[in-house]
Amino acid sequence: MLRTAEGRLFRRSVRDVATNSLNKFFSSVIARLNAVRDDGGNIREAYEAILLSEEGTARSMPSDAEFEWALRMRD
Numbered sequence: 448m449l450r451t452a453e454g455r456l457f458r459r460s461v462r463d464v465a466t467n468s469l470n471k472f473f474s475s476v477i478a479r480l481n482a483v484r485d486d487g488g489n490i491r492e493a494y495e496a497i498l499l500s501e502e503g504t505a506r507s508m509p510s511d512a513e514f515e516w517a518l519r520m521r522d
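Our numbering numbers the first residue of the sequence shown as 448 and each following residue consecutively.
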C-alpha cells in the first residue's frame, strides 16, 4: 500500500498535478480505512477500491500515457 501511495505521489509530481488537496485526500483515506478495519473488512481491498473511485477526478493518479508524456517533456 505504501508503494502505491509513493507511486501516486511520484506520478502526480512528474505530471505537475496540484498537490493542495492531498492532505485532505489522505486524511479521508485513513478515516475510511479505519472504518473498514473496525468493521473487520479487508483494508487492502478497501484501499484499492478507494483509489479506483478517484479515477476521472482531480485526485486520480495520472495514467501510464500521461506519465510517459510528462517524463518526455521534462527538462
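Backbone N, C-alpha and C define an ideal beta-carbon position, used for all residues, glycine too.
Is residue j closer than 8 Å to residue i when the C-beta atoms are compared?
| i | j | result |
| --- | --- | --- |
| residue 508 | residue 450 | no |
| residue 517 | residue 461 | yes |
| residue 476 | residue 497 | yes |
Please report the straight-line C-alpha distance between residue i and residue j, rounded to a whole angstrom.
| i | j | result |
| --- | --- | --- |
| residue 487 | residue 453 | 26 Å |
| residue 511 | residue 500 | 18 Å |
| residue 491 | residue 520 | 34 Å |
| residue 481 | residue 474 | 11 Å |
| residue 514 | residue 483 | 31 Å |
| residue 495 | residue 456 | 15 Å |
Ordered along the chain, which non-local residues of its own chain (more than five positions away) have a Cβ less than 8 Å from that of residue i?
| i | result |
| --- | --- |
| residue 493 | 479, 480 and 483 |
Would you say residue i faces chain D, with C-beta separation under 8 Å as the test?
| i | result |
| --- | --- |
| residue 482 | No chain D is present in this structure, which holds just one protein chain. |
Grab me the residues of residue i's own chain with a C-beta within less than 6 Å of its C-beta, minus the 5 sequence neighbours each way, in chain order.
| i | result |
| --- | --- |
| residue 466 | none |
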